[in-house]
Amino acid sequence: MATTTGTTSGVTDMAPAESVRSIYTNPLRSRIQTGNTIRASDLNLLRDFISTVRNHRHTLVEYTSISEFGNNGSTVPVNRTASKVYDSSNQILGTLNLPNRSRGEKIESIHHNLLRIPSRNLRSHTHQFTDSF
Amino acid sequence: MATETKNTDPFNGVATDVDSKATGEEISADSFQQMVDILDSLLEHQHNFTDTYISNCECECGGGGTI
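In order, the protein sequence lines correspond to chains A and B. Under my numbering, read the first sequence as residues 7 to 139, first letter to last. Under my numbering, read the second sequence as residues 10 to 76, first letter to last.
Shown next, in the form of structure tokens:
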């Protein structure tokens, strides 16, 4: 049975990595350090970071043919390709239902865990796509 | 045209996972930093996928296209 292994595009539906880092990664790494008080705004920023990443998708170029039948190593140009954008929503997510935290409110273990679950799901995630070719 | 639903291979981000916290347990900065590390590792990632061409064969080869 013929199979082929390909690679998706990088992340789509998200701002460029350096832009995202400037909004989320860098401020969070600066703020959340031993000895610092974690502010409600830090937790909310982390939640928003998760929300941003969880919505990412990829593009996959799917081939109907990339070579002539029975002619390995063909130099026939690639044709009949389709670019498929596929949704990740069924595969990545735990629920992300951490309510907005306000100044003076406690940050409890349950809040930590509400952020932890989608984080760990993202850590090892797959995407689902509909293969029509 | 026949279609089928497939999954990509998983992307495995940073090695360190985030531990759950019980009531009364201390939550250190490291725990939140681990979340940040995981998210940051996902900003430029890709996945591998395998296509068996079962859903559509244009070369009349009985269930798997030659590519």
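No residue lacks a Cβ here, since even glycine has one placed at the ideal position from N, Cα and C.
Beta-carbon gap between residue i and residue j smaller than 8 Å
i: Thr-11(A); j: Asn-16(B); result: no
i: Asp-48(A); j: Ile-56(A); result: no
i: His-64(A); j: Thr-31(A); result: no
i: Arg-27(A); j: Leu-51(B); result: no
i: Arg-122(A); j: Met-44(B); result: yes
i: Asp-49(B); j: Ser-40(B); result: no
i: Asp-26(B); j: His-56(B); result: no
i: Ala-46(A); j: Arg-109(A); result: yes
Minimum Cβ-Cβ distance from residue i to chain B less than 8 Å
i: Leu-52(A); result: yes
i: Leu-121(A); result: yes
i: Val-17(A); result: yes
i: Ala-88(A); result: Low confidence applies to Ala-88(A): its pLDDT is 42, below 50, so where it sits in the model is not reliable enough to give any reading.
i: Arg-27(A); result: yes
i: Val-67(A); result: no
i: His-131(A); result: yes
i: Arg-109(A); result: no
i: Ser-47(A); result: no
i: Asn-42(A); result: yes
i: Ser-36(A); result: no
i: Ser-125(A); result: yes
Would you mind listing the alpha helix (DSSP H) stretches within the segment 107-136 of chain A that are 4+ residues and don't spill past its ends, in chain order?
Entirely contained in the segment 107-136 of chain A, the alpha helix (DSSP H) runs reaching 4 residues are, in chain order, 115-129.
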